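Working notes, structure below.
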Amino acid sequence: MLFFWFTAFLFVSVPQTNPRNPHNLPVVNSVKEYLDLVKKDSSRALVDLEKFIPGIVLDVRYATTDNITKKVLYRQPRAFLLKPAAVQLKKVREELAKEGLGIKIFDGYRPYAVTLLLWDAIKDDRYAAPPEKGSRHNRGCAVDLTLIDLKTGKELEMPTPYDDFSEKAHLNYMKLPAHVIENRGKLITLMKKHGFETITSEWWHYDLKGWGVYPLLDLSFEELDTVHK
Numbered sequence: 063m064l065f066f067w068f069t070a071f072l073f074v075s076v077p078q079t080n081p082r083n084p085h086n087l088p089v090v091n092s093v094k095e096y097l098d099l100v101k102k103d104s105s106r107a108l109v110d111l112e113k114f115i116p117g118i119v120l121d122v123r124y125a126t127t128d129n130i131t132k133k134v135l136y137r138q139p140r141a142f143l144l145k146p147a148a149v150q151l152k153k154v155r156e157e158l159a160k161e162g163l164g165i166k167i168f169d170g171y172r173p174y175a176v177t178l179l180l181w182d183a184i185k186d187d188r189y190a191a192p193p194e195k196g197s198r199h200n201r202g203c204a205v206d207l208t209l210i211d212l213k214t215g216k217e218l219e220m221p222t223p224y225d226d227f228s229e230k231a232h233l234n235y236m237k238l239p240a241h242v243i244e245n246r247g248k249l250i251t252l253m254k255k256h257g258f259e260t261i262t263s264e265w266w267h268y269d270l271k272g273w274g275v276y277p278l279l280d281l282s283f284e285e286l287d288t289v290h291k
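If you read the sequence shown in the numbering used here, its first letter stands for residue 63, the second for the next number, and so on.
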């Protein structure tokens, strides 16, 4: 009997880990909680970039096996951003169009559950957010993108392919042809002009300034579809 009560005590006294949120972060992971946030402040809404920005091109690698994990992480090839970030990105797209250029999106909002999977594959905080902190992608405030020629649809040459976690992807890497440095610089200049910040290790990654005030989210694209029809 004593053994029974001892094991029962252990069961109730040891905190149970939620596999969806193993670090007990303040993550919005229900549609109801998300709707409550949006009702109080419409800027907390996630928007579908393909619908919001005319002419945008998507190449969502995490909806394929062509990514660092070699697994399909998204069921749909979609890209969402928080509304303030989407508004600024639309301005980037409009300015580029005057030069015959456009943008191709690799990733936007990323559910927290996917951050857990990416960390398992990468485990390097230069290239993936540690799950105990969460990601700016989880907040809908980060976008991975490149430039394209609108006539041909081809990408402008950049230092590396997307998700190339080498020194060449760093913003300060200069052993590159002049036109590649120019293309990278054009993307940096325009994104900064319209309210985004760079990170040093990835030429394709941009964060909306002020991202820290927005909550971490863990809603699937399918759950977002039930809200934003």
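All residues carry an ideal CB built from backbone N, CA and C; glycine is no exception. From a predicted model like this one, the values you see are computed outputs, not experimental measurements.
query = Whose C-beta lies closer than 6 Å to the C-beta of residue 199 among residues of the same chain, with five residues either side of it excluded?
reply = For the purposes of this step, residue 199 is identified with residue 137 of the sequence shown, where counting begins at 1. Cβ within range, chain order: 172.
request  = Tell me, to the nearest whole angstrom, how far the beta carbon of residue 165 is from that of residue 209; I am working on the premise that it is less than 8 Å.
outcome  = In the sequence shown, the residue the question calls residue 165 occupies position 103. In the sequence shown, the residue the question calls residue 209 occupies position 147. That pair is a contact at about 6 Å.
ask   = Where does residue 267 sit, in a helix, a strand or coil, going by DSSP?
value = As a working note, residue 267 is residue 205 in the sequence shown. For residue 267, the secondary structure class from DSSP, reduced to helix, strand or coil, is strand.
inquiry  = I'd like the list of long-range same chain contacts for residue 206, defined as Cβ closer than 6 Å, with 5 residues on each side in sequence excluded.
reply    = Your numbering for residue 206 matches position 144 in the sequence shown. Excluding sequence neighbours, residue 206 sits near 168, 169, 266, 267.
key: Simplified DSSP state of residue 225, which is helix, strand or coil   = For the purposes of this step, residue 225 is taken as residue 163 along the sequence shown, with counting starting at 1. Coil.
query = Excluding sequence positions up to five away, which residues of its chain have a Cβ less than 8 Å from the Cβ of residue 228?
reply = As a first step, residue 228 must be located in the sequence shown, where it is residue number 166. Around residue 228: 222.
key: Distance between residue 87 and residue 195 (C-alpha atoms, nearest Å)   = Locating residue 195 in the sequence shown gives position 133, counting from the first residue. Locating residue 87 in the sequence shown gives position 25, counting from the first residue. Going by the C-alpha atoms only, they are around 8 Å apart.
task = Would you tell me roughly how many angstroms separate the C-alpha atoms of residue 294 and residue 241, rounded to the nearest one?
result = Lying before the first or after the last residue shown, residue 294 is absent from the chain, which here runs from 63 to 291.
request  = Count the C-beta pairs between the region 102 to 111 and the region 140 to 160 that are closer than 8 Å, then say yes if the count reaches three, no if not.
outcome  = Flag = yes, the region 102 to 111 and the region 140 to 160 touch.
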